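All the letters of the sequence shown, read from the start, carry residue numbers 1 to 438 under this note's numbering.
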Amino acid sequence: MKTTTTRRFVAVLLCLSLLAGACALTSCAGKSPVVMELEGQTLTANQFQFMLSRLKGNMGYLGYNVADASFWNTIIDDQNNTYDSYFRNAVLEDARRYLAAQAIFEERGLTLPQSYLDQIDEDIEEYTRDAGSKSALNSRLSAYGFNVDMLRDFYIMEAKYDYLQVVVYGADGELLANEARMAYLKEHAVGFKQVLIRAFDYVYETDLNGDVIYYLPSENNAKVNNIAYDTELGEPRPDEHGKTIVDKNGDTVYFLSDGKIAYDKEKGVRAMVYDEKGELKTIKYSAEVLAQHKAAAEELMVAVDKGDYAAFESLLEEYEVSGDEAFVTDGSFCFLYTTGDNSYDYLNDIADALAEAEEGELRMISSEYGYNVVMKYPIPSDALTNTAYEEWFTDLTDRVVAKQFHTLCKPYMEKVVVDQEVYTTVPAMKDIAINTSY
1 MKTTTTRRFV AVLLCLSLLA GACALTSCAG KSPVVMELEG QTLTANQFQF MLSRLKGNMG
61 YLGYNVADAS FWNTIIDDQN NTYDSYFRNA VLEDARRYLA AQAIFEERGL TLPQSYLDQI
121 DEDIEEYTRD AGSKSALNSR LSAYGFNVDM LRDFYIMEAK YDYLQVVVYG ADGELLANEA
181 RMAYLKEHAV GFKQVLIRAF DYVYETDLNG DVIYYLPSEN NAKVNNIAYD TELGEPRPDE
241 HGKTIVDKNG DTVYFLSDGK IAYDKEKGVR AMVYDEKGEL KTIKYSAEVL AQHKAAAEEL
301 MVAVDKGDYA AFESLLEEYE VSGDEAFVTD GSFCFLYTTG DNSYDYLNDI ADALAEAEEG
361 ELRMISSEYG YNVVMKYPIP SDALTNTAYE EWFTDLTDRV VAKQFHTLCK PYMEKVVVDQ
421 EVYTTVPAMK DIAINTSY
């Protein structure tokens, strides 16, 4: 099983590839020594340094403390990999693949369409205008060991990498067979239904008495400014001047007999509170309540026999209509990838647990969010055609293309020769400039 740290970096590398695009290579970068070679195609030390600078910039964008030199020496797994060694090796693997792609491009006698070249020239013209002159742009690029001409060659090779995939798989993966997509799902995804027994509650807006305010809902059930009063349980009251008390919207306020405001909790909706970062505020349940939630999860684990999907779904329906907001479920079908790159660690924990389970088995996964009780389902035969599942597979084609393209390149990658002496001259990650622009 992947460790949490390693899985996090798998996700980071996926994000980096999406943010930075393909890591390009070039065979004509001046006098920089060659660090890698394949069938006459070469990658220089400067080019490898440029690739590292891109990665470092995107890691910074994702929140890593890349400017701190000590960060790169931090050991991150039980193989004594540091951030430096882990990501350098990852870029080295990318470099092998892109050299392989270049060799395949030449082997197939492909020619880069003019539209690709035009786009490259437009991009460089924009960079030049932004810098003020070609000389000024060269000065900026020198931080990464590059100049304008080298950057253009780099982009051309990047474009060849992209175009090769278009030739093989189509611009939007339309040349991929659906069988390949379904095979990927069966190998790298799990289907399930679940209930989350939460470890927290949300913080809602309250009035001066500390009571949660209920607002009249809008069409999408969002908060509006007008308050939902219970006009049956409550009654209006006069102020000290004998006038009926109204709120800031001019609506009559209804009070309970104890003087608190009478809110219509059936028709009204609560307004969640956000912190200064724009994130929802939460409050953890007490230890006593958490113990009750754990006991409820454990009871559910033995309440349903293996493969009894109907019984499990019946329990989910009971939780959904129970009114207990600690039990979160809508009975919908969910998917997760087992490739370690889901958006949160706890989702990877769920995926790992289900990957080891048989279909119809239950698993309980605890996290900071609470207790997820999940049942593994078979991947539906209509997973690719049922619109109910679309939201789960927005990047499926990209994943399948990446896997198949790696398989195509692998025999060539094994022939790449790395000059270890030159490789050791490439600066350490702590000394690489942060590239967020090119």
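C-beta: ideal position from N, C-alpha, C; glycine also. Fair warning: this is a prediction, and the values are worked out from it, not measured in the lab.
Measuring straight from C-alpha to C-alpha, what distance separates residue i and residue j?
i, j, result
"residue 157", "residue 140", "21 Å"
"residue 154", "residue 166", "19 Å"
"residue 365", "residue 371", "6 Å"
"residue 380", "residue 345", "25 Å"
"residue 138", "residue 76", "36 Å"
"residue 237", "residue 257", "10 Å"
"residue 368", "residue 283", "12 Å"
"residue 197", "residue 413", "47 Å"
"residue 73", "residue 427", "14 Å"
"residue 274", "residue 145", "45 Å"
"residue 218", "residue 80", "55 Å"
"residue 246", "residue 281", "30 Å"
"residue 330", "residue 404", "35 Å"
"residue 459", "residue 195", "It is not possible to answer for residue 459, since the shown part of the chain is limited to 1 through 438."
"residue 23", "residue 354", "Any answer about residue 23 is weak, because its pLDDT of 41 lies below 50 and its placement is not dependable; what the coordinates show is given next. The straight-line gap from Cα to Cα measures roughly 34 Å."
"residue 63", "residue 249", "43 Å"
"residue 421", "residue 44", "12 Å"
"residue 168", "residue 423", "32 Å"
"residue 192", "residue 175", "30 Å"
"residue 41", "residue 313", "57 Å"
"residue 432", "residue 401", "31 Å"
"residue 429", "residue 129", "30 Å"
"residue 84", "residue 347", "27 Å"
"residue 21", "residue 118", "Only weak support is given to the placement of residue 21: the predicted model assigns it a pLDDT of 42, under 50, and the value that follows is read from those uncertain coordinates. About 18 Å."
"residue 108", "residue 99", "14 Å"
"residue 30", "residue 122", "Legend: pLDDT at residue 30 = 49, less than 50; position of this residue unreliable, value from coordinates given subsequently. Computed Cα separation, rounded: 23 Å."
"residue 343", "residue 279", "16 Å"
"residue 297", "residue 201", "17 Å"
"residue 438", "residue 92", "19 Å"
So the beta strand (DSSP E) residue i belongs to, where does it begin and stop?
i, result
"residue 191", "189-198"
"residue 97", "Unbroken run through residue 97 is the alpha helix (DSSP H), 83-107; no beta strand (DSSP E)."
"residue 367", "362-367"
"residue 373", "370-377"
"residue 284", "282-284"
"residue 151", "First-last for residue 151: 148-169, but that is the alpha helix (DSSP H), not the beta strand (DSSP E)."
"residue 214", "214-217"
Residue i and residue j: beta carbons closer than 7 Å?
i, j, result
"residue 339", "residue 188", "yes"
"residue 451", "residue 228", "As shown, the chain starts at 1 and ends at 438. That puts residue 451 outside it, with no answer to give."
"residue 436", "residue 132", "no"
"residue 254", "residue 214", "no"
"residue 148", "residue 419", "no"
"residue 161", "residue 101", "yes"
"residue 351", "residue 190", "yes"
"residue 143", "residue 112", "no"
"residue 337", "residue 327", "no"
"residue 359", "residue 376", "yes"
"residue 38", "residue 178", "no"
"residue 226", "residue 216", "yes"
Could you name the residues that DSSP lists as bridge partners for residue i?
i, result
"residue 43", "36"
"residue 204", "272"
"residue 238", "244"
"residue 229", "263"
"residue 75", "82"
"residue 327", "197"
"residue 418", "36"
"residue 255", "235, 261"
What are the start and end residues of the alpha helix (DSSP H) that includes residue i?
i, result
"residue 411", "396-413"
"residue 294", "287-303"
"residue 333", "Here residue 333 belongs to no alpha helix (DSSP H), and DSSP marks it neither H nor E."
"residue 127", "114-131"
"residue 312", "309-321"
"residue 306", "That residue, residue 306, is in no alpha helix (DSSP H); it is neither H nor E in DSSP."
"residue 350", "345-356"
"residue 138", "134-141"
Please tell me whether residue i has its Cβ less than 7 Å away from any Cβ of chain D.
i, result
"residue 149", "Looking at the structure shown, chain D is missing, and only one protein chain is on hand."
Who are the Cβ neighbours of residue i in its own chain at under 6 Å, not counting the five residues just before and after it?
i, result
"residue 386", "none"
"residue 212", "204, 206, 270"
"residue 96", "413, 416"
Once you ignore the five residues that flank residue i on each side, which residues in its own chain have a CB closer than 8 Å to its CB?
i, result
"residue 60", "66, 67, 434, 436"
"residue 104", "164, 408, 409, 412"
"residue 26", "Bear in mind that a pLDDT of 39 at residue 26, under 50, signals an unreliable position, so the number given afterwards is only what the model happens to contain. Cβ neighbours of residue 26 beyond the five flanking positions: 43, 44, 47, 150, 153, 154, 156, 157."
"residue 32", "44, 45, 46, 47, 145"
"residue 186", "379"
Below 7 Å CB to CB, which residues in the same chain sit around residue i once its five sequence neighbours on both sides are set aside?
i, result
"residue 28", "Confidence at residue 28 is low in this model, with a pLDDT of 41, below 50, so its placement is unreliable and no value can be given for it."
"residue 235", "254, 255"
"residue 306", "360, 361"
Check whether the Cβ of residue i sits closer than 6 Å to any heavy atom of the ligand NAD, and report yes or no.
i, result
"residue 113", "For the structure depicted, the ligand NAD is absent and the ligand set is empty, with no information on it obtainable."
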